[in-house]
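Q:
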Amino acid sequence: MGSFLLEDSMSFSERVYHVVQQIPKGCVVTYGQVAALIGAPRSARFVGYALHSNPYPGIVPCHRVVFKDGALAPGFAFGGPEEQFRRLSEEGVEFTTHDDGIRRVILERYQWRMG
DNA sequence: CGGCTGACACGAA
DNA sequence: CTTCGTGCCAGCC
Numbered sequence: 001m002g003s004f005l006l007e008d009s010m011s012f013s014e015r016v017y018h019v020v021q022q023i024p025k026g027c028v029v030t031y032g033q034v035a036a037l038i039g040a041p042r043s044a045r046f047v048g049y050a051l052h053s054n055p056y057p058g059i060v061p062c063h064r065v066v067f068k069d070g071a072l073a074p075g076f077a078f079g080g081p082e083e084q085f086r087r088l089s090e091e092g093v094e095f096t097t098h099d100d101g102i103r104r105v106i107l108e109r110y111q112w113r114m115g
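Quick note: the first sequence, position 65, residue 65 per UniProt numbering, numbers continuous.
#1: In the DSSP output, what is residue 104 paired with across the bridge?
#2: Quick one: what's got a C-beta closer than 8 Å to residue 45's C-beta in the same chain, skipping five residues either side?
#3: Looking only at DSSP bridge pairs, what is residue 111 linked to?
#4: Is residue 2 helix, strand or coil by DSSP?
#5: Determine which residues share a DSSP beta bridge with residue 60 and list them.
#6: According to the neighbour-count rule (16 or more other Cβ atoms, all chains shown, within 10 Å of its Cβ), is residue 80 buried or exposed?
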């Protein structure tokens with residue numbers, strides 16, 4: 001662990017899982033950020049598709065991946081955004097609540113940075 | 001084997 | 001400020 005080495009033999013989705021696995025507890029990353037890390041900045045949406053398939057439940061912390069604005073994915077596969085919210089709260093991640101009730105992660109404080 | 005569709009992001013109008 | 005088009009992976013009919 002701790003290695004960000006991406007081999008050529010890895011497919012797009014394998015790279016996604018590889019990167020997401022490195023996200024520390026209590027931190028979040030955006031879909032676009034993951035896409036950029038695997039060298040496919042134009043494929044942010046496919047990152048989400050790959051995670052939806054999530055072949056490694058409990059291994060790939062897909063709940064730590066959020067929208068660019070900090071909002072949660074509407075179709076989270078584990079039990080909806082509510083479950084994702086609970087998991088992140090459990091790790092100490094804090095949210096702001098919009099007037100309309102839209103919860104957003106405070107990215108300024110919890111977005112993971114590589115370095 | 002071909003086509004549909006799904007956890008996003010961003011520039012242009 | 002809002003709306004629309006494009007990018008182009010992978011599993012499932």
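Just so it is clear, CB atoms sit at the ideal spot from N, CA and C, and this is done for glycine as well. In this text the structure is predicted, and so the values were computed from the model without any measurement.
A: On the basis of the supplied data:
#1: 71, 96
#2: 31
#3: 28
#4: Its pLDDT being 48, under 50, residue 2 is placed unreliably in this model, and the coordinates cannot settle the point.
#5: Beta-bridge pairing links residue 60 to no other residue.
#6: exposed
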